[in-house]
Amino acid sequence: MQQMYINGRFTSGQATETIPIINPATEEIIDEVPRGTAADVDTAVAAAKSAFASWKKVPAWERAGMLHTIANKMQAHAEELTRLLTEEEGKPFIENEEEVFWTYDTFNYYAELGRHERGRFLPPGDPDQLNFVIKEPYGVVACIVPWNYPLLLLAWKAAAALAAGNTIVIKPSEYTPLATLRTIELAFAHLPPGVVNVITGYGLEAGEPLVRHPDVPVIAFTGSVATGQRIAAIAAPMMKKLHLELGGKDPLVVAEDVDLTTAVSAVAYSGLLNTGQVCTSSERIYVHERVYGRFSEELAEFVANLRLGNGMHPQTDIGPMLRDHFRVGVEKQLDAALKAGAHLLVGGKRPSYLDKGYFLEPAVLVNVNHEMAIMREETFGPVLPLMPYTDFDEAIRLANDTQFGLGACLLSHDARLVKRFFEEVKAGTIWINDPLTDNFAGPFGGMKMTGGGRELGQEGLDEFYEVKHVHWDVEGKLKDYWFPY
Ligand code: NAD
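Residues 8 to 492, numbered by my numbering, are exactly what the sequence shown covers, in order.
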């Protein structure tokens, strides 16, 4: 049984019930966490508010040292954290190793960026004046995190918010709080009490009180569009700063000039990493008509050979989905597409050889069109729907035919196509020939219904600063432009 973390100590708070944590590969309960309440949120926010008064004054170099210590301690316990992530979230161990590395190195990155600059100096309007911009922390930041990358998506918020001098209250997903709590225990004890707090619980019971709390001026949220819309509606009357990273329906375009073997591998990776449960999963694949036939056959063969299983087994390529109801959601989308004329080349079924776990065989789907939900709504599962296109105008029109704007990928070595793609496709990240790879220094986020926040890079730090312009007339003499005219 785990506990929440409030004001520097582990506690069950006011919770009288617990939430079971289930391993999606075995369906076993592996632990439980307190079902946090609004009263616990109040205590955590009060602790964070009180800690902010001194945390914001800690010199940036000292804060940087503390963030590096977090990174070092996480690195020292990387294997344990990787195992916990694999058990609670399900993706293969090797993918979780990557997640843990990217997480601790995000703390290293923001440790340094946070002490680099704190505003800018402006050319004054008059020689007697000084003009400058100061970046200041807001106060208490709510970090509300989804389940698909529990540590990484926490780090993108927490490392930047802390480096900027804010204090934080974390609300991990009710499905995947274990690696977060263990990380806090292993790597955060040296921070002053109240700077970091964790409330476990359900979205409505523990997340929403955070959003509603008058002492929480910033909501940093990654999750579904529906939850993001609800949070925005609640926060609007209080004019809170919202940082929303929502769903996607990313396109991937395969140009005629590609090497098919490389393209098949790239598409399988970009659509099936973490069993397709990635916000930037390629969920719509457009293939030039001249290579479409061979590409679909080779992709179906490649996907049929991927090995499903428990993420703890080193041979596993594809883990389970997180829960049965998410699997049922994908099956329903698939069913509707098949009824409307789509055709499965491979997969889409529950594997008969695995009697436990929320597994779904990765699917390659053809004969799809943009009338089908599977090409319009987020799937968040292991499905690769393929559509042929005749020319690049059509490919770009199809890529942009979506309410979302998170990522987009092109596989091509034709510089003219590449230039058109990154200029004309509306998405926050454009990948050419290397889908789904992040760079600490490159901002990550979406356009359109995906929300407008940015994580990583300088942009991801600036999300957690308020900006103040100081106009200082040092001499303070009488002005000839004052009254009377
Ligand atoms: P979700 O919206 O159901 O939950 C996300 C978090 O919000 C959880 O911690 C949940 O408990 C909390 N929450 C739920 N209701 C709330 C409320 N009313 N008030 C406050 N908090 C509340 O999303 P999920 O199922 O955990 O994650 C999957 C979604 O996240 C997908 O849509 C995916 O595309 C998206 N996602 C986006 C990005 C991105 O960077 N754009 C990254 C990863 C995941």
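Heads up, the beta-carbon is just placed ideally off N, CA and C, and yes, glycines get one too.
Local conformation of residue i per DSSP, three classes
{"i": "Gln340", "result": "helix"}
{"i": "Ser231", "result": "coil"}
{"i": "Ala167", "result": "helix"}
{"i": "Tyr111", "result": "helix"}
{"i": "Ala149", "result": "strand"}
{"i": "Ile206", "result": "coil"}
{"i": "Asn407", "result": "helix"}
{"i": "Arg90", "result": "helix"}
{"i": "Met8", "result": "coil"}
{"i": "Arg122", "result": "coil"}
{"i": "Phe195", "result": "coil"}
{"i": "Leu253", "result": "coil"}
{"i": "Met328", "result": "coil"}
{"i": "Thr174", "result": "strand"}
{"i": "Gly414", "result": "strand"}
{"i": "Tyr365", "result": "coil"}
{"i": "Met394", "result": "strand"}
{"i": "Glu104", "result": "helix"}
{"i": "His320", "result": "coil"}
{"i": "Glu462", "result": "strand"}
Residue i Cβ short of 7 Å to the ligand NAD heavy atom set
{"i": "Cys286", "result": "yes"}
{"i": "Arg383", "result": "no"}
{"i": "Ser180", "result": "yes"}
{"i": "Phe387", "result": "yes"}
{"i": "Ile151", "result": "yes"}
{"i": "Ser57", "result": "no"}
{"i": "Leu5", "result": "Absent from the model: residue 5. The displayed extent of the chain is 8 to 492, so no value can be given."}
{"i": "Trp154", "result": "yes"}
{"i": "Tyr293", "result": "no"}
{"i": "Gly230", "result": "yes"}
{"i": "Tyr209", "result": "yes"}
{"i": "Gly254", "result": "yes"}
{"i": "Gly214", "result": "yes"}
{"i": "Val218", "result": "yes"}
{"i": "Gly412", "result": "no"}
{"i": "Arg189", "result": "no"}
{"i": "Ile238", "result": "yes"}
{"i": "Gly326", "result": "no"}
{"i": "Gly97", "result": "no"}
{"i": "Gly172", "result": "no"}
{"i": "Thr457", "result": "yes"}
{"i": "Gly453", "result": "yes"}
{"i": "Thr25", "result": "no"}
{"i": "Thr234", "result": "yes"}
Test item: CB-CB of residue i and residue j under 8 Å
{"i": "Asp47", "j": "Ala78", "result": "no"}
{"i": "Thr287", "j": "Gly326", "result": "no"}
{"i": "Ile292", "j": "Val274", "result": "yes"}
{"i": "Thr18", "j": "Arg42", "result": "no"}
{"i": "Leu391", "j": "Leu306", "result": "yes"}
{"i": "Val223", "j": "Val474", "result": "no"}
{"i": "Gly459", "j": "Glu470", "result": "no"}
{"i": "Leu129", "j": "Asn115", "result": "no"}
{"i": "Leu313", "j": "Pro369", "result": "yes"}
{"i": "Thr268", "j": "Val40", "result": "no"}
{"i": "Thr229", "j": "Val152", "result": "yes"}
{"i": "Ala242", "j": "Ile226", "result": "yes"}
{"i": "Ile13", "j": "Ala54", "result": "yes"}
{"i": "Gly412", "j": "Ala380", "result": "no"}
{"i": "Trp62", "j": "Arg122", "result": "no"}
{"i": "His295", "j": "Val337", "result": "no"}
{"i": "Leu198", "j": "Met73", "result": "yes"}
{"i": "Leu91", "j": "Ala32", "result": "no"}
Alpha-carbon spacing of residue i relative to residue j, whole angstroms
{"i": "Ala270", "j": "Met394", "result": "15 Å"}
{"i": "Ala213", "j": "Pro450", "result": "29 Å"}
{"i": "Glu308", "j": "Asn446", "result": "32 Å"}
{"i": "Gly15", "j": "Glu181", "result": "21 Å"}
{"i": "Phe108", "j": "Gln82", "result": "7 Å"}
{"i": "Tyr360", "j": "Gly172", "result": "52 Å"}
{"i": "Val148", "j": "Gly467", "result": "14 Å"}
{"i": "Ala233", "j": "Gly132", "result": "47 Å"}
{"i": "His478", "j": "Gln136", "result": "7 Å"}
{"i": "Thr323", "j": "Val375", "result": "29 Å"}
{"i": "Met8", "j": "Asp38", "result": "6 Å"}
{"i": "Ala162", "j": "Thr282", "result": "22 Å"}
{"i": "Lys339", "j": "Asp331", "result": "12 Å"}
{"i": "Arg423", "j": "Phe429", "result": "10 Å"}
{"i": "Pro184", "j": "Ser57", "result": "25 Å"}
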